[in-house]
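Chemist: Top line first, the protein sequences correspond to chains X and Y.
Residues in the first sequence are numbered from 358 upward in steps of one, following the working numbering.
Residues in the second sequence are numbered from 358 upward in steps of one, following the working numbering.
We put the CB at the ideal spot given by N, CA and C, even for glycine.
There are 2 protein chains.
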Amino acid sequence: MSQPNIALIGLGLIGSSLGHALKKNKLAAHISGYARSAATRDKALELGFVDSVHDTAAEAVIDADIVFFNTPLSVIKQLAEEIVPRLKDNAILTDVGSVKAGVLKELTPLLEDRVHFVPGHPIAGTEQSGPEAGFAELFEDRWCILTPDENTSLIAVEEITKLWRGMGSDVAFMEADHHDLVLAITSHLPHLIAYNIVGTAAQLENDTRSEVIKYSASGFRDFTRIASSDPVMWRDIFLANKDAVLEMLGRFSEDLTALQAAIRRGDARYLEDVFTKTRGIRQSIIEAGQDTDSPNFGRDK
Amino acid sequence: MSQPNIALIGLGLIGSSLGHALKKNKLAAHISGYARSAATRDKALELGFVDSVHDTAAEAVIDADIVFFNTPLSVIKQLAEEIVPRLKDNAILTDVGSVKAGVLKELTPLLEDRVHFVPGHPIAGTEQSGPEAGFAELFEDRWCILTPDENTSLIAVEEITKLWRGMGSDVAFMEADHHDLVLAITSHLPHLIAYNIVGTAAQLENDTRSEVIKYSASGFRDFTRIASSDPVMWRDIFLANKDAVLEMLGRFSEDLTALQAAIRRGDARYLEDVFTKTRGIRQSIIEAGQDTDSPNFGRDK
Numbered sequence: 358m359s360q361p362n363i364a365l366i367g368l369g370l371i372g373s374s375l376g377h378a379l380k381k382n383k384l385a386a387h388i389s390g391y392a393r394s395a396a397t398r399d400k401a402l403e404l405g406f407v408d409s410v411h412d413t414a415a416e417a418v419i420d421a422d423i424v425f426f427n428t429p430l431s432v433i434k435q436l437a438e439e440i441v442p443r444l445k446d447n448a449i450l451t452d453v454g455s456v457k458a459g460v461l462k463e464l465t466p467l468l469e470d471r472v473h474f475v476p477g478h479p480i481a482g483t484e485q486s487g488p489e490a491g492f493a494e495l496f497e498d499r500w501c502i503l504t505p506d507e508n509t510s511l512i513a514v515e516e517i518t519k520l521w522r523g524m525g526s527d528v529a530f531m532e533a534d535h536h537d538l539v540l541a542i543t544s545h546l547p548h549l550i551a552y553n554i555v556g557t558a559a560q561l562e563n564d565t566r567s568e569v570i571k572y573s574a575s576g577f578r579d580f581t582r583i584a585s586s587d588p589v590m591w592r593d594i595f596l597a598n599k600d601a602v603l604e605m606l607g608r609f610s611e612d613l614t615a616l617q618a619a620i621r622r623g624d625a626r627y628l629e630d631v632f633t634k635t636r637g638i639r640q641s642i643i644e645a646g647q648d649t650d651s652p653n654f655g656r657d658k
Numbered sequence: 358m359s360q361p362n363i364a365l366i367g368l369g370l371i372g373s374s375l376g377h378a379l380k381k382n383k384l385a386a387h388i389s390g391y392a393r394s395a396a397t398r399d400k401a402l403e404l405g406f407v408d409s410v411h412d413t414a415a416e417a418v419i420d421a422d423i424v425f426f427n428t429p430l431s432v433i434k435q436l437a438e439e440i441v442p443r444l445k446d447n448a449i450l451t452d453v454g455s456v457k458a459g460v461l462k463e464l465t466p467l468l469e470d471r472v473h474f475v476p477g478h479p480i481a482g483t484e485q486s487g488p489e490a491g492f493a494e495l496f497e498d499r500w501c502i503l504t505p506d507e508n509t510s511l512i513a514v515e516e517i518t519k520l521w522r523g524m525g526s527d528v529a530f531m532e533a534d535h536h537d538l539v540l541a542i543t544s545h546l547p548h549l550i551a552y553n554i555v556g557t558a559a560q561l562e563n564d565t566r567s568e569v570i571k572y573s574a575s576g577f578r579d580f581t582r583i584a585s586s587d588p589v590m591w592r593d594i595f596l597a598n599k600d601a602v603l604e605m606l607g608r609f610s611e612d613l614t615a616l617q618a619a620i621r622r623g624d625a626r627y628l629e630d631v632f633t634k635t636r637g638i639r640q641s642i643i644e645a646g647q648d649t650d651s652p653n654f655g656r657d658k
């Protein structure tokens, strides 16, 4: 399978970036695309990151060797039910969702022992949405985590690994449950908190709120950027990763209550200790090469 | 006072940026500097953003027309007690702290009806600290909020306003208490939360923590940047703005509890509603010119 036919189901930020990256790196013989909205399909063709678009997902996948689900998590199962019967034998399904255990459990029974599923998650993105938001370099020098289980075809995992590496990603492997726990703290909880603080600000009295907007060149502005990410995608992430998110949220709330109490009692030493320790984590991230301190670093999520 | 002598008390990120900006815009006849650490004083002279350094704050201000406090909030009062007796008549004190009501209350009784105090707060910064961190453009196109009260000399306010405008800032005026409430949500609470979530991650089991660091190219990475800000400065901010921070933290926690409950009961509509509303605030900030979406925007706090 040196030049597979690839179908992209979902043509938003990630779907369009996949199209651009697959084309730039000459990794596909043909790229077919499906999105629910006709406007998105038309835009995808116009932008040229797909070779063909189709009115249904089932039509888009007929000749596909590899199918990428790039949709909100809540619609993947239904789409899989629709397309699996139309797939060639040994076709490979993969996805890009931020939660992995649920989709692995949902899709495995649908595969008819005939097609393969390789769960995947590129740790890359921006707060932008839609087919215009994508670009070919989104995945370069970023991790892509694959979470196959003991039943996943090794050949299928190799094919998907090759594609991500071809798009410039580093590929890592992890158990689905563990992935979901790690992402709960690195990504899901930060987004929940950002949405929450921006929501709190939105409820302020009118004049205060307008000043919050005017003088927002502070931590708050970063939070509003994070909190402008796609609402449906994030709704589905929190519902799909409920247990791990609630677990991490519980820990976060305990720690926040302790900080609140320290502020109330004026405990300078406690505050300084907490604020000093967090610098070490930052340093580790810079050393791990996950933040180059380049001007562009804030654009990934 | 067209070319005042200016003393900088505190030579970290803000003090050094003031020195560079005053020099670049030719706003001072002479810039004297004081920092507690001899190494910082030497570095300041070497970098050239001051014309002279002094072993005590009292010596640094002898010829000064205008004195900037650029220190953590907790040491301003003591420094003011030390320097006010050495100041020329009608000299002007000003500061750059993130909390304004407390410093106004503390310093007013010390002024001997002979010198002036104009409380100020430039809404600009980075997560870096120290004399090497400053640069002349830090304040350009940023707001500087002044919070004089009914006893503040108008002439002194005009002088300070002129300086900030000369460094490229837009100057706004606000009541000190209201400033502290607005900043509690735009800056103080976001920093508290960022420190908190990074602290929560720091307490994870070893192997999970190393994966959090490795795969941190998510919201979490932005939080670690915010949480790498100067611990002593932030300790003092939370203690000085206790009431407003606790008030905003209370609202934040109520909202977070509601989100938590919505995740637990699987309330997709509630989550999507909250996540959709927050996009509006982001849009308002972009329209207010406080986020140009330029690659560099994430660097200010």
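(1) With a threshold of 8 Å between beta carbons, is lysine 599 of chain X in contact with chain Y?
(2) If you measure from the beta carbon of aspartate 612 of chain X to each beta carbon in chain Y, is any gap under 8 Å?
(3) Could you please give the first and the last residue of the uninterrupted beta strand (DSSP E) stretch that includes alanine 558 of chain Y?
(4) Report the partner residues of glycine 459 of chain Y according to the DSSP bridge assignment.
(5) Between the Cα of leucine 520 of chain X and the Cα atoms of X:Asp422, X:Ala558, X:Ala415, X:Ala396, which residue gives the shortest distance?
(6) Could you list which residues in chain Y have their beta carbon closer than 8 Å to that of proline 505 of chain X, in chain order?
(7) Quick one: residues in its chain with C-beta nearer than 8 Å to the C-beta of serine 567 of chain Y, no 5 flanking neighbours on either side, listed in chain order?
(8) Taking DSSP's pairing of strands, which residues face serine 389 of chain X in a bridge?
(9) For asparagine 563 of chain Y, would you say it is in contact with chain X, using Cβ-to-Cβ distances shorter than 8 Å as the test?
(10) How would you write the range of the beta strand (DSSP E) that isoleucine 449 of chain Y sits in, first residue to last?
(11) Using only CA atoms, which one of Y:Thr483, Y:Arg471, Y:His478 lies nearest to asparagine 508 of chain Y?
(12) Please confirm whether phenylalanine 496 of chain Y has its beta-carbon closer than 8 Å to some beta-carbon of chain X.
(13) Kindly give me the distance between the Cβ atoms of isoleucine 741 of chain X and alanine 417 of chain X, rounded to whole angstroms, as I take these residues to be in contact under 8 Å.
(14) Compare the C-alpha of leucine 370 of chain X against each of X:Gly482, X:Leu549, X:Val602 and name the closest.
(15) On the three-state DSSP scale, how would you describe proline 466 of chain Y?
(16) Just list the residues that DSSP pairs alanine 529 of chain X with in beta bridges.
(17) Going straight from the alpha carbon of aspartate 593 of chain Y to that of leucine 379 of chain X, what length do you get?
(18) What in chain X is Cβ-close to leucine 549 of chain Y, meaning under 7 Å?
(19) State yes or no: is the beta carbon of asparagine 629 of chain X nearer than 8 Å to at least one beta carbon in chain Y?
(20) Strictly under 8 Å for the Cβ-Cβ distance: is phenylalanine 425 of chain Y near chain C by that measure?
(21) What is the DSSP secondary structure of phenylalanine 492 of chain X, counted as helix, strand or coil?
(22) Could you tell me the distance, in whole angstroms, from the CA atom of phenylalanine 406 of chain X to the CA atom of isoleucine 433 of chain Y?
(23) Looking only at C-alpha atoms, which of X:Tyr627, X:Gly556, X:Asp630 sits nearest to arginine 639 of chain Y?
(24) Under 9 Å Cβ-Cβ, which residues of chain X neighbour valine 453 of chain Y?
(25) Using CA atoms only, rank isn't needed, just tell me which of X:Ile388, X:Gly525, X:Ala490, X:Met605 is closest to leucine 546 of chain X.
(26) Beta-carbon separation of phenylalanine 426 of chain X and leucine 444 of chain X under 8 Å?
(27) Since glutamate 568 of chain Y meets chain X, which of its residues come closer than 7 Å, beta carbon to beta carbon?
(28) May I ask you to report which of helix, strand or coil DSSP gives glycine 646 of chain Y?
(29) Would you say leucine 430 of chain Y lies against chain X (beta-carbon separation less than 8 Å)?
(30) What does DSSP give as the partner residues of proline 479 of chain X in its beta bridges?
(31) Taking all protein chains shown into account, do 16 or more other C-beta atoms lie within 10 angstroms of the C-beta of arginine 636 of chain X, making it buried, or fewer, making it exposed?
(32) With a cut-off of 8 Å, do at least 3 Cβ pairs link the region 586 to 601 of chain X to the region 533 to 552 of chain X?
(33) According to DSSP, is lysine 658 of chain X helix, strand or coil?
(34) Does any residue of chain X have a CB that is nearer than 8 Å to the CB of leucine 596 of chain Y?
(35) Quick one: any contact between the region 533 to 546 of chain Y and the region 455 to 469 of chain Y, if contact means 3 or more CB pairs under 8 Å?
(36) Hey, does phenylalanine 474 of chain X have any beta-carbon neighbour from chain Y nearer than 8 Å?
Modeler: Checking against the coordinates, here is how it stands:
(1) yes
(2) yes
(3) Annotation: alanine 558 of chain Y is outside any beta strand (DSSP E); the continuous alpha helix (DSSP H) that includes it extends over 546 to 559.
(4) DSSP output for glycine 459 of chain Y lists no bridge partner at all.
(5) Per the Cα distances, X:Asp422.
(6) Per Cβ cutoff of 8 Å: no residues; proline 505 of chain X is ~17 Å from chain Y at best.
(7) Close CB contacts of serine 567 of chain Y within its chain, under the 8 Å cut and outside five residues either way in sequence, are absent.
(8) Note: serine 389 of chain X sits in a beta bridge opposite X:Ala364, X:Ser409.
(9) Output row for asparagine 563 of chain Y: interface = no.
(10) 449 to 452
(11) Y:Arg471
(12) no
(13) The requested residue 741 of chain X is not part of the displayed model; chain X covers only 358 to 658.
(14) In this structure, X:Gly482 is the residue among X:Gly482, X:Leu549, X:Val602 with its C-alpha nearest to the C-alpha of leucine 370 of chain X.
(15) helix
(16) X:Ile502
(17) 51 Å
(18) Leu616
(19) The residue asked about is misnamed: residue 629 of chain X is glutamate in this sequence, not asparagine. Yes, glutamate 629 of chain X counts as interfacial toward chain Y.
(20) Protein chains in the displayed structure are X and Y, and chain C is not among them.
(21) coil
(22) So the two alpha carbons sit approximately 59 Å from each other.
(23) X:Gly556
(24) Here the premise fails: no neighbours, minimum Cβ distance about 14 Å.
(25) X:Met605
(26) no
(27) Val539
(28) Glycine 646 of chain Y carries a coil assignment under DSSP once its states are collapsed to helix, strand and coil.
(29) No, no contact with chain X.
(30) X:Cys501
(31) buried
(32) yes
(33) Note that lysine 658 of chain X scores 31 on pLDDT, short of 50, meaning its location in the model is unreliable and no value can be drawn from it.
(34) Leucine 596 of chain Y counts as touching chain X.
(35) In short, these stretches touch, since the Cβ pair count reaches three.
(36) no
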